[in-house]
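Okay, structure first, notes after.
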Ligand SMILES: [Zn+2]
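Residue numbers (the working numbering): 2 to 335.
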């Protein structure tokens, strides 16, 4: 184990963008979060389109590594998809549009998590600018999650004989309940979730290790707790790869939760996990997860930029110059 030089692989496709003729704006999710981060990384000279690892969308076979046949059939019913996305209006949209506008985006972003797993094994660190759909269970989606990309990626890497053991470090403010259910009786996959106690999902499922936080938890309390338990998590899990669900809905400004972290606290949190993995020679995948407020995209952008600053970009021989934003970059990131 252990590489001479860890680098950061960035995984993304413009196909991650949800496009439902404006309907998507009815959800509190900042639907352009992924594109904003991708475009700002270019403006600031962190990457060029050629540097990006572009995934394939999930295949049916990959979906069936985790989900049931019945679940796949349910995706043809707009009413069921509306429940998974918590968007009533989707129930009235024709099946084909639901698939092209929403489900296809999730399949691309989830395929990105599989690719990030492969690239993390190669380069040490891989960031999917999307993914982290941790509420999805084998037989149903929930909480704006359809396919559980974290679980599918782990099963895909196992199937290819690339890993046996994995650990999911889920730091989204909501419990990774779907992931917990999927791996409940699997000794090869350790699930760790640190989340707010008194919000969705209620009741909680049982991860291998859950830490419940009170409303109002600050950077200082959060980070010292994480620093204390993370070595023990990795020691128990003995993973060959870590999947970090780096949701930034732990921010004080998040509209759906009430922890009290700052943007710089989130960057320190992500760095703590990434550095802990790198120092132990464990490949690490970062997925974006939740984060719905006005500060969300910039907070996750800052964390990604800091990671590239520290470790360097996979494949790129040199740093690029910061340049003026294009019209499209201005439009999204203003
Ligand atoms: Zn969340």
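Note that CB positions come from ideal geometry on N, CA and C, so glycine has one too.
field: Neighbour-count burial assignment, residue 332, 16 or more Cβ in a 10 Å radius
entry: exposed
query: Ordered along the chain, which non-local residues of its own chain (more than five positions away) have a Cβ less than 8 Å from that of residue 19?
result: 25, 32, 102, 103, 106
message: If distances are taken between C-alpha atoms only, which option among 69, 128, 46 comes closest to residue 8?
response: 128
field: C-alpha gap between residue 322 and residue 17, whole angstroms
entry: 26 Å
task: Can you give me the start and stop residues for the alpha helix (DSSP H) that residue 301 sits inside?
output: 297–312
- prompt: Any heavy atom of ligand 1 within a distance shorter than 7 Å of the CB on residue 175?
  reply: yes
task: Quick one: give me the first and last residue of the alpha helix (DSSP H) that residue 57 is part of.
output: Here residue 57 belongs to no alpha helix (DSSP H), and DSSP marks it neither H nor E.
message: Do residue 283 and residue 240 have their beta-carbon atoms positioned less than 8 Å apart in this structure?
response: yes
field: Among 258, 122, 117, 45, the one whose alpha carbon lies nearest that of residue 175
entry: 258
- request: Just the C-alpha distance for residue 237 and residue 48, rounded to the nearest angstrom, thanks.
  value: 36 Å
message: I'd like to confirm something about residue 250: is its beta-carbon nearer than 7 Å to some heavy atom of ligand 1, or not?
response: yes
message: Quick check on the DSSP output: the alpha helix (DSSP H) that includes residue 231 runs from which residue to which?
response: 220–238
task: With DSSP as the reference, please indicate the residues paired to residue 12 in a beta bridge.
output: 54, 129
task: Go ahead and pull the three-state DSSP assignment for residue 246.
output: strand
message: Less than 7 Å separating the Cβ of residue 118 from some heavy atom of ligand 1?
response: no
task: State the DSSP-derived secondary structure class of residue 88, mapped to helix, strand or coil.
output: coil
- request: Grab the span of the beta strand (DSSP E) containing residue 214 for me, first residue to last.
  value: 210–214
- prompt: According to DSSP, is residue 327 helix, strand or coil?
  reply: coil
- request: Count the C-beta pairs between the region 220–235 and the region 130–146 that are closer than 8 Å, then say yes if the count reaches three, no if not.
  value: no
message: Report the CB separation of residue 168 from residue 230 in whole angstroms; it is logged as a contact under 8 Å.
response: So it is not a contact: roughly 13 Å between Cβ atoms.
DSSP three-state assignment for residue 141, whether helix, strand or coil: strand
- request: Determine the DSSP secondary structure at residue 251, reduced to helix, strand or coil.
  value: coil
- request: Verify whether the separation of the beta carbon atoms of residue 256 and residue 293 is less than 8 Å.
  value: yes
- prompt: Nearest-angstrom Cα distance between residue 126 and residue 120?
  reply: 7 Å
Those residues which DSSP pairs with residue 146 across a bridge: 143
message: Rounded to the nearest angstrom, what separates residue 204 and residue 42 at their Cα positions?
response: 39 Å
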